[in-house]
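Student: Using my numbering, you'd call the opening residue of the sequence shown number 46 and step up by one each time. Quick reminder that beta carbons are idealized off the backbone N, C-alpha and C, glycines included. Note that the coordinates shown come from a computational prediction; the quantities given were computed from them, not determined experimentally. Sharing a structure, written as structure tokens. Questions coming.
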Amino acid sequence: MSLTLYRFPGSQYSEKVRAALDFKGLSYSVVDLAPGADQWMIYQRTGQRQVPVLAHNGSFIHDSTAICLYLEHAFPAGRGGRRALLPDDFALRREVLDLEDRLDALFGLPGRAVLTEQCLRDPHWLKAVGAANGVRGPGLWALRGASLGLRLGSLLPPVQTTLDAAHAALRGTLTELTERLARAPYLTGAEPTLADVAAAGLSLHLAWPDSAYLGVPLLRGRGIAEYVNDPVLGRFFAWRERFYREFLK
Ligand SMILES: N[C@@H](CCC(=O)N[C@@H](CS)C(=O)NCC(=O)O)C(=O)O
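What follows is the structure, encoded as structure tokens:
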């Protein structure tokens, strides 16, 4: 058995898959790619350009949800102490998949908008995320110039409206997750599932975890202050830290 995860170092969907691999107790290797030329290799193997891509014994699977479902099928729970990503109960399984779907959408556009805003605000974040995506030296100066332009652009009312909507969406769902965790140890009840794995991995940019596989080491332990320091969301971030300690590398 050979499992290889192809990712961008700062990709939240890749972190979701990596979390699923750890959660299931599987051994794997990680190959870091950079956006741009490296995507040609992805395209040749999968007919699309995005990561994560998982290679398993010569097959290539793309899309984080498809990969997680593939892992659940290829490595069923119970054998070798592997955990289940999906519960047996049909109604609960539906709830897990619905929540995972909503989290995927949330950490797509709104999540990226909030990360971009943070990089425009904080040069350390810009440098760290830039370096993880292969931007160095003169490229970094170009990025700084572009970010200054973008920062000015972000003051425009339509951009502000988009950012406000992204924050509102993120805050609304994180508050819901926090409330779920006040009622039960995991997001959909007494046992951890794919919904927990997705929430832990997809929230990568909000609080960079202390993980052996962290792709953006300059940001280890850092987070976006208005979320990680918000007492209303404290339970969520404490839960996530525990989840990494208990289940993830
Ligand atoms: N729905 C996809 C989204 C994957 C995705 O957005 N990947 C980003 C990195 S986080 C990517 O590869 N972007 C490069 C591109 O779109 O060219 C999934 O769940 O895997």
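Since I believe Q57 is in contact with L247 (beta carbons under 8 Å), could you give me their beta-carbon distance rounded to a whole number of angstroms?
Tutor: L247 to Q57, Cβ: 5 Å. Contact.
Student: State yes or no: is the C-beta of T220 within less than 8 Å of the C-beta of V277?
Tutor: It is a contact, given that the beta carbons lie within the stated cut-off.
Student: Count the other CB atoms, across all protein chains shown, that sit within 10 Å of the CB of P253; report buried if there are 16 or more and exposed otherwise.
Tutor: It is worth fixing the name first, because residue 253 is Trp in this sequence and not Pro. When all chains shown are included, W253 counts as buried.
Student: Excluding five sequence neighbours on each side, which residues of the same chain lie with their C-beta closer than 7 Å to the C-beta of A122?
Tutor: The residues are R128 and A129.
Student: Is the stretch 149-164 close to the stretch 250-270, with three or more CB pairs under 8 Å?
Tutor: Yes, the stretch 149-164 is in contact with the stretch 250-270.
Student: For R52 and L78, which I take to be in contact (beta-carbon distance under 8 Å), what is that distance rounded to the nearest angstrom?
Tutor: With a Cβ gap of about 7 Å, R52 and L78 count as contacting.
Student: Could you spell out the range, first to last residue, of the beta strand (DSSP E) harbouring H107?
Tutor: That run of the beta strand (DSSP E) goes S104 to H107.
Student: Leaving out the 5 sequence neighbours to the left and right, which residues in its chain are closer than 7 Å to G266 when beta-carbon positions are compared?
Tutor: Once the five neighbours on either side are set aside, the close Cβ partners of G266 are W253 and D255.
Student: Output the residues surrounding ligand 1, defined as those with a CB atom closer than 5 Å to any ligand heavy atom, in chain order.
Tutor: Residues flagged by the Cβ proximity filter: S56, Y58, R94, Q95, V96, D108 and S109.
Student: Please identify the residue among P168, S74 and W85 whose C-alpha is closest to the C-alpha of S59.
Tutor: Among P168, S74 and W85, the Cα nearest to that of S59 is on S74.
Student: For the alpha helix (DSSP H) containing Y231, list its first residue and its last residue.
Tutor: Careful: Y231 lies outside any alpha helix (DSSP H) and carries neither H nor E.
Student: Within a Cβ cutoff of 8 Å, which residues of the same chain sit near F120, ignoring the five residues on either side of it in sequence?
Tutor: Within the same chain, F120 has close Cβ partners K69, L71 and R127.
Student: Just to confirm before moving on: does the CB-CB distance between W170 and L259 stay below 8 Å?
Tutor: No, these two residues do not count as a Cβ contact at 8 Å.
Student: Let's see if you can read the secondary structure: which residues bound the beta strand (DSSP E) around H169?
Tutor: Premise fails: H169 lies in the alpha helix (DSSP H), P168 to A177, not in any beta strand (DSSP E).
Student: Compare the C-alpha of A229 against each of G217, G198, A213 and R280 and name the closest.
Tutor: It is R280.
Student: Any idea which residues DSSP pairs R138 with across the strands?
Tutor: According to DSSP, R138 bridges with nothing at all.
Student: Can you tell me where the alpha helix (DSSP H) holding S192 begins and where it ends?
Tutor: Looking at the DSSP string, the run of the alpha helix (DSSP H) that includes S192 is P183 to G198.
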